[in-house]
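Report on the structure given below.
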């Protein structure tokens with residue numbers, strides 16, 4: 356039992372130990388200062404931040420709907436839940452292909468955008484953000500929904516009987532109640548967006564400064580310059596750890612020590 | 007013949023890393039090992055053998071056919087094909103991926119293996135040149151290399167870290183064209199897919215890729231392409247079973263020549 360647990364831990368930790376052990380520490384400052392690395396870093400942060408913002412705007416109302424759906428009949432309730440869950444369990448590459456089929460130049464919507472407005476979505480930074488939103492939105496939705504379900508709904512009822520409008524109830528009662536859940540969801544969302552690879556390379560392509568995010572840069576560097584790939588991987592690891600450590604006590608019950 | 011799922015390599019590598027870690031030899035220098043993995047090192051003589059062939063993305067279709075023919079002639083041999091960007095494949099082999107044969111789209115990635123002491127005496131077995139590829143119909147009216155500089159067009163090129171990208175850069179420099187690519191893909195087949203889906207207006211790929219894509223893609227010859235020739239080397243890797251050398255002899259022999267010529271590759 357314990358032996359298996361140790362093995363499980365080894366599966367999780369050893370690869371990261373190896374990554375740190377093999378890192379070219381002496382050359383690290385030079386590697387991380389390369390323009391290609393900085394470009395990817397900036398692009399990754401900007402797109403992941405934009406994706407998180409979009410997820411907040413879109414995800415909180417969806418989470419509210421999902422929480423309310425508890426009273427719905429079984430079939431629509433399960434369909435709604437499945438629709439939100441699918442991107443979570445789907446291989447990201449499939450998401451990328453699906454986005455291409457929707458928004459590609461010959462896609463369902465993409466062909467209309469191209470013909471009517473001359474807009475093409477793939478191969479733009481916007482496409483990177485869309486791919487990130489697709490894979491990370493469920494994280495935010497479920498975190499917020501969980502918070503909504505565990506919040507005491509009677510306070511909302513009380514506010515409503517005191518004459519508050521639905522927006523006022525949401526803004527001044529519900530939102531503060533679920534703020535920790537929203538924050539936790541946003542952190543998970545950001546981390547997932549930052550690490551997004553499959554949907555991005557499939558849907559957005561790979562151009563330095565425009566669509567080549569940190570994970571893609573790291574993957575490509577592995578073909579020609581493994582040291583740079585390891586440096587980029589370390590950078591991503593450091594960011595992930597920093598995000599988790601920075602917020603662990605406040606909002607992420609799962610990692611509270 | 008089976009296609010090797012790329013993920014299997016990753017999963018295998020993880021399992022090996024864990025096993026190595028448990029055996030007490032964690033991290034230090036791990037990965038720069040040899041290619042002799044017990045999982046695929048084959049039995050001797052005419053006993054059933056499996057050979058794993060790592061081939062450049064541009065060789066995908068030709069090697070599918072070559073593997074099929076070789077298996078037909080040698081029923082005891084199972085050829086497992088893994089195709090991808092030559093640079094990535096070479097790197098995987100250096101990191102210990104269990105390959106028996108490596109066929110590269112240029113001499114650079116093969117040299118990586120020779121330098122690492124994993125391959126000796128590679129033989130050039132085919133050549134290839136670049137062609138402009140446009141989606142069927144050529145809506146953007148692309149006619150030559152200069153169109154790759156048009157910012158309003160969607161352009162895909164290979165990343166310079168892979169052979170088709172290096173050749174593209176050379177060809178463009180020679181024609182004094184500064185391309186405005188919208189994506190730099192990590193292997194030529196990823197570029198080809200973008201063309202056949204119509205997601206890009208033009209791309210530089212090998213002429214063999216244009217042939218392989220059939221009706222979905224049109225090829226346009228460009229002046230100067232004949233002077234930028236990719237030479238494809240192949241080698242059985244050190245420690246590979248005898249069948250690996252047999253497969254290499256087959257590819258470089260008359261039968262292999264015929265299949266490659268059919269696919270549009272030039273003679274070495």
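Protein chains in written order, with the working numbering: chain A, 356 to 612; chain B, 7 to 274.
Here a beta-carbon is modelled for each residue, glycine too, at the ideal position from N, C-alpha and C.
From a predicted model like this one, the values you see are computed outputs, not experimental measurements.
Backbone secondary structure at residue 70 of chain B - three-state DSSP: Sequence index remark: in the second chain, residue 70 of chain B carries index 64 (1-based). If DSSP states are grouped into helix, strand and coil, residue 70 of chain B belongs with the helices.
Close beta carbons around residue 192 of chain B, own chain, < 7 Å, minus the five adjacent residues each side: As a first step, residue 192 of chain B must be located in the second chain, where it is residue number 186. 91, 94, 165, 168, listed in sequence order.
Whole alpha helix (DSSP H) elements within the segment 186-219 of chain B, 4-residue minimum: 194-202, 213-219
Whole-number beta carbon distance between residue 423 of chain A and residue 491 of chain A, since they are thought to touch under 8 Å: On the first chain, position 136 is the one that residue 491 of chain A refers to. On the first chain, position 68 is the one that residue 423 of chain A refers to. So it is not a contact: roughly 23 Å between Cβ atoms.
Collapsed DSSP secondary structure at residue 580 of chain A in the structure displayed: Numbered from its first residue, the first chain carries residue 580 of chain A at position 225. Note: residue 580 of chain A maps to coil in three-state DSSP.
Chain B residues whose Cβ lies nearer than 8 Å to that of residue 561 of chain A: The sequence position of residue 561 of chain A within the first chain is 206, counting from 1. Residues of chain B passing the Cβ test: 165, 189, 190, 191, 192.
Minimum Cβ-Cβ distance from residue 581 of chain A to chain B less than 8 Å: Residue numbering aside, residue 581 of chain A sits at position 226 when the first chain is read from its first letter. Judged by the 8 Å Cβ criterion, residue 581 of chain A is in contact with chain B.
Residues of the segment 467-479 of chain A whose Cβ lies closer than 8 Å to any Cβ of chain B, in chain order: 475, 477, 478
Per-residue burial, residue 273 of chain B [other beta carbons within 10 Å of its own, 16 or more giving buried]: For the purposes of this step, residue 273 of chain B is taken as residue 267 along the second chain, with counting starting at 1. By the neighbour-count rule (16 or more Cβ atoms within 10 Å), residue 273 of chain B is not buried but exposed.
Assigned secondary structure, residue 224 of chain B (DSSP; H/G/I helix, E/B strand, else coil): If you number the second chain from 1, residue 224 of chain B lands on position 218. It is a strand residue.
Integer Cβ distance of residue 128 of chain B from residue 240 of chain B, believed to fall under 8 Å: Against the second chain, residue 128 of chain B aligns to sequence position 122. Against the second chain, residue 240 of chain B aligns to sequence position 234. Right, the Cβ-Cβ distance comes to about 6 Å (below 8 Å), so this counts as a contact.
Where residue 125 of chain B sits in the DSSP three-state scheme: Here the question's residue 125 of chain B lines up with position 119 in the second chain. Reduced to three states, the DSSP call for residue 125 of chain B is strand.
Burial state of residue 497 of chain A, where buried means 16 or more other Cβ atoms lie within 10 Å: Indexing the first chain from 1 puts residue 497 of chain A at position 142. By the neighbour-count rule (16 or more Cβ atoms within 10 Å), residue 497 of chain A is buried.
Reduced DSSP secondary structure (H/G/I, E/B, other) of residue 379 of chain A: For the purposes of this step, residue 379 of chain A is identified with residue 24 of the first chain, where counting begins at 1. Here residue 379 of chain A sits in coil by DSSP.
Min CB distance residue 577 of chain A to chain B below 8 Å: Taking the first chain and counting its residues from 1, one reaches residue 577 of chain A at position 222. True, the Cβ-Cβ gap to chain B drops below 8 Å.
Interface partners of residue 566 of chain A on chain B, CB under 9 Å: Position 211 of the first chain, counted from the start, is the residue given in the question as residue 566 of chain A. What residue 566 of chain A touches in chain B: 188, 189.
Short CB-CB distance (under 8 Å) between residue 550 of chain A and chain B: On the first chain, position 195 is the one that residue 550 of chain A refers to. Residue-level contact check: residue 550 of chain A does not touch chain B, since none of the beta carbons of chain B fall below 8 Å from its beta carbon.
Residue 232 of chain B vs residue 170 of chain B beta-carbon contact at 8 Å: To locate residue 232 of chain B, count along the second chain from 1; it is residue 226. To locate residue 170 of chain B, count along the second chain from 1; it is residue 164. Their beta carbons are not under 8 Å apart, which means residue 232 of chain B does not touch residue 170 of chain B by this criterion.
Sequence-distant residues of its chain with Cβ nearer than 8 Å to residue 53 of chain B (five each side left out): For this step, residue 53 of chain B is matched to residue 47 along the second chain. 82.
Distance CB(residue 243 of chain B)-CB(residue 96 of chain B) smaller than 8 Å: Counted from its first residue, the second chain places residue 243 of chain B at position 237. Counted from its first residue, the second chain places residue 96 of chain B at position 90. Cβ distance not < 8 Å, so residue 243 of chain B and residue 96 of chain B don't count as in contact.
Euclidean distance between Cα positions of residue 19 of chain B and residue 119 of chain B: The residue given as residue 19 of chain B occupies position 13 in the second chain. The residue given as residue 119 of chain B occupies position 113 in the second chain. Annotation note: pLDDT 44 at residue 19 of chain B (below 50); position unreliable, no value reported.
Within chain B, partners of residue 461 of chain A - CB distance below 8 Å: Counting from one through the first chain, the residue named residue 461 of chain A turns up at place 106. Here the neighbours are 203, 204, 205.
For residue 242 of chain B, the three-state DSSP class (helix, strand or coil): On the second chain, position 236 is the one that residue 242 of chain B refers to. Looking at residue 242 of chain B - three-state DSSP - the assignment turns out to be strand.
Beta carbon proximity, residue 455 of chain A to chain B, threshold 8 Å: In the first chain, counting from the first residue as 1, residue 455 of chain A sits at position 100. With 8 Å as the cut-off, residue 455 of chain A counts as an interface residue toward chain B.
Between the CA atoms of residue 376 of chain A and residue 370 of chain A - distance to the nearest angstrom: Position 15 of the first chain, counting from 1, holds the residue named residue 370 of chain A. Position 21 of the first chain, counting from 1, holds the residue named residue 376 of chain A. Going from the Cα of residue 370 of chain A to the Cα of residue 376 of chain A covers about 10 Å.
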